[in-house]
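In case it helps, mature numbering (1 follows the signal peptide of the UniProt record, and there is no 0) puts the sequence shown at residues -30 to -1, 1 to 301.
Glycine included, each C-beta is placed from N, C-alpha and C at the ideal position.
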Amino acid sequence: MPLSTARCYHRWLAGATLLALLWVTPTAWACTISPSTSANFGNISSFAIANTPHDTSAQPNAGAVCQGSVLGLAVVSNQWIRATVTSANQGELVNAASGDTVPFRIFALASENEEIFLNTTYNYFNPVLIDLLGLLGGQSANIPMEFRTLPTANIAAGTYTDTLSVNWNWRICNLGALVCLNFRTGSGTSTINLNLTVTPDCAIQAPDLNFGSSPLIAGFDPVTQTIDITCTKGSDYSVGLSDGQHPAANIRRMENNGHYLEYQLYKGTAGNDRWGNTGSERRPSSLADTNPGTPSGITSQGFTYRGDILPGQNTPPAGTYTDMIVVDVIF
């Protein structure tokens, strides 16, 4: 009789230990919140921002790592991992220096087109995402958030930022013997710092220059042409012309089968101010022949130049003489 009583006593202790473990487990946190994360779009030219969307994601996550549930939505439907996002700039990246803005959209997963709207609660624990994020099976998952810019024309170069506040709220089933014992609940707030660097860019229209034909050097007349340049709003620049493919000292030369025809390119329609690519030979946007000044980002600026076949050289053999000039812009 005493031995039997002892056995019953030990079984009762084992049962008590098991019950204690089941009671402690539900108090564990289902989600871990990081106070601050970031999402960086990188360096993108103003022309690229104007024409196409660009994506990035919060790294390493949107501020939350959550434990999933072994039980699916069909078994326990009242589970959630909710995020409510607010924006310091109402959903726009802002350049503090110029005041220009770039709007953006927010997605739980951009590939699934799961959009998150500002000031509206989004539940990550949904049929589209639960398996993709690994929230089935009970394993932990980084909760993602992705961002996409909207095409925005004519903005200044510089740094664009926004700060998002994400209010997290969760309720996830705590499993015991394949039944939902109770729910792990909690809340927290994380901050996502968004950054975009817009770089200056230009569109250059540089038509070919054709001197025509002549049997003698003296028969070539000066030829004028204009290079049109449209650059990022507010980005002053200078434009230069290279010496070509066959220069001799400061003299440009066109070539045909080892023979050369010397020529020169000058600023404007008159005078002998050589247009080159170094120092004072360059031309600033402030002194463009048409629309001089700081670029507007919309209206092109024109730089007129004159090409002369240099006198005093021997007439080379008949043929077609060519050269290639590089037009470069420096901000």
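Residue range of the alpha helix (DSSP H) that includes residue i
i	result
Ser16	Ser16 to Asn21
8 Å CB neighbourhood of residue i in its chain, flanking five on each side removed
i	result
Gly204	Ser68, Ala126, Ala127, Thr264, Pro265 and Gly267
Pro286	Asn226, His229, Tyr230 and Leu231
Asn21	Pro121
Ile3	Gly33, Ala34, Trp138, Gly158, Thr159 and Ser160
Tyr291	Met224, Glu225, Asn226, His229, Tyr230 and Leu231
Three-state secondary structure (DSSP) of residue i
i	result
Gly69	coil
Leu257	helix
Arg(-24)	Caution is warranted here: a pLDDT of 36 is assigned to Arg(-24), below 50, making its placement in the model unreliable, and the coordinate value is therefore given only provisionally. Three-state DSSP puts Arg(-24) in a helix.
Ile300	strand
Asn78	For the record, residue 78 in the displayed sequence is Ala; it is not Asn. The answer is strand: DSSP assigns Ala78 an E or B state.
Ala188	helix
Gly249	helix
Pro286	coil
Ala176	coil
Thr122	coil
Asn242	coil
Gly158	strand
Ala219	coil
Asp171	coil
Ala127	coil
Leu183	For the sequence presented, residue 183 should be read as Ser rather than Leu. The answer is coil: DSSP assigns Ser183 none of H, G, I, E or B.
Ser8	strand
Ser135	strand
Same chain, Cβ closer than 6 Å to residue i, five either side skipped, listed in chain order
i	result
Phe301	Pro170, Ser205 and Tyr207
Leu134	Val55, Ser57 and Ile162
Thr7	Ala28, Gly33 and Ile162
Ile51	Cys36, Tyr94, Phe95 and Trp140
Thr129	Thr167
Arg276	Pro192, Thr194, Tyr236 and Thr239
Gln175	Asp198
Phe11	His24, Thr26 and Leu166
Host beta strand (DSSP E) of residue i (start-end)
i	result
Gly277	Gln271 to Ile279
Met294	Careful: Met294 lies outside any beta strand (DSSP E) and carries neither H nor E.
Glu225	Arg222 to Asn226
Leu211	Ser208 to Leu211
Glu85	Glu84 to Ile86
Gln234	His229 to Lys237
Arg52	Trp50 to Ser57
Phe117	Glu116 to Thr119
Val98	Per DSSP, Val98 belongs to no beta strand (DSSP E) and is neither H nor E.
Ala34	Ala34 to Gln37
Ile268	Counting along the chain, Ile268 falls outside any beta strand (DSSP E), and DSSP gives it neither H nor E.
Gln29	Note, Gln29: premise wrong, no beta strand (DSSP E); not H, not E.
Asp198	Val193 to Cys201
Ile3	Cys1 to Ile3
Asn89	Per DSSP, Asn89 belongs to no beta strand (DSSP E) and is neither H nor E.
Ser110	Ser110 to Asn112
Contact belief for residue i with residue j at Cβ below 8 Å, rounded distance in angstroms
i	j	result
Arg223	Glu232	5 Å
Ile76	Phe117	6 Å
Tyr92	Ala111	About 16 Å separates the two Cβ atoms, so there is no contact after all.
Asp293	Gly214	4 Å
Thr122	Val64	Actually they are not in contact, since the Cβ atoms of Thr122 and Val64 sit about 12 Å apart, beyond 8 Å.
Pro23	Thr119	6 Å
Pro281	Ile187	7 Å
Ser250	Thr200	Rounded, the Cβ-Cβ distance is 24 Å, inconsistent with contact.
Pro132	Asn59	The residue you asked about is not Pro; residue 132 is Asp in the sequence shown. Confirmed, about 5 Å.
7 Å CB neighbourhood of residue i in its chain, flanking five on each side removed
i	result
Thr274	Thr194, Thr196, Gly238, Thr239 and Asp259
Gly61	Pro73, Phe74 and Leu88
Gln49	Ser39, Phe95, Arg141, Ile142 and Cys143
Leu211	Leu235, Trp245, Gly246, Asn247, Ile295 and Val297
Asn242	Tyr236
Gly156	Trp(-2), Ala(-1), Cys1 and Trp140
Phe181	Phe190, Val193, Gly277 and Ile279
Residue i CB to nearest heavy atom of the ligand PLP below 7 Å
i	result
Pro254	This structure simply doesn't include the ligand PLP, nor any ligand for that matter.
Cβ pair count under 8 Å reaching 3, the stretch 74 to 85 against the stretch 207 to 221: Verdict: no, contact absent.
Check whether the stretch 174 to 191 and the stretch 252 to 261 are in contact - that is, three or more C-beta pairs closer than 8 Å. Contact fails between the stretch 174 to 191 and the stretch 252 to 261, because fewer than three Cβ pairs, one in each stretch, are under 8 Å apart.
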